[in-house]
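K.L.:
This is the structure I want to talk about, given as structure tokens.
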Ligand SMILES: [Zn+2]
């Protein structure tokens, strides 16, 4: 599925509001539902044990985490930009060409979770 960034952001706001930390995404591989708020709670209560390696800040919060594209499950390291990319392709500027393989003018994302 391809969607413009403007439409994708509008869909996120419709489901979860303006605070993008609350936006939930679902890993297509393991079904985990994650948001920045969920990860922060997991860091705080010591249950954040991702299979993927994330560089962390001094509070243990992962740096450079793409919550919409990298699974943070302890049992799954799926990413939206891996061999089987997507399932959502977000196109930054739909008036210009994009190249999925070269990640030009687009990025891959998980589906939004249900609100
Ligand atoms: Zn996963």
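In the numbering used here, the protein residues as written are 554 to 668. Positions of the beta carbon are idealized from the N, C-alpha and C atoms, including for glycine.
For ligand 1, is there a heavy atom less than 6 Å away from the beta-carbon of residue 579?
P.N.:
Flag unset: Cβ of residue 579 not near ligand 1.
K.L.:
Could you tell me which residues DSSP puts in a beta bridge with residue 609?
P.N.:
For residue 609, which the question treats as bridged, DSSP gives the partners 615.
K.L.:
Suppose you measure from the CA of residue 607 to the CA of residue 555; what does that come to, to the nearest Å?
P.N.:
Each residue's alpha carbon lies about 28 Å from the other.
K.L.:
Under 8 Å: do the region 628-637 and the region 567-587 share three or more Cβ pairs, one atom per stretch?
P.N.:
They touch, by the three-pair rule.
K.L.:
Can you tell which of 557, 588, 594, 645 has its C-alpha closest to the C-alpha of residue 666?
P.N.:
Measuring from the Cα of residue 666, the nearest candidate turns out to be 588.
K.L.:
If you reduce the DSSP assignment to three classes, tell me which class residue 578 lands in.
P.N.:
Strand, per DSSP.
K.L.:
Would you kindly report the start and end of the unbroken alpha helix (DSSP H) that includes residue 562?
P.N.:
Run containing residue 562: 558-569, per the alpha helix (DSSP H) assignment.
K.L.:
Any contact between the region 588-601 and the region 642-662? By contact I mean 3 or more CB pairs, one from each, below 8 Å.
P.N.:
No, because fewer than three Cβ pairs between the region 588-601 and the region 642-662 fall closer than 8 Å, the two stretches do not touch.
K.L.:
Could you have a look at residue 592 and say whether DSSP puts it in helix, strand or coil?
P.N.:
In this structure, residue 592 counts as helix in the three-state DSSP scheme.
K.L.:
What did DSSP end up calling residue 642 once you bin it into helix, strand or coil?
P.N.:
Three-state DSSP puts residue 642 in a strand.
K.L.:
Just how far apart, CA to CA, sit residue 648 and residue 659?
P.N.:
Taking the straight line from one Cα to the other gives about 12 Å.
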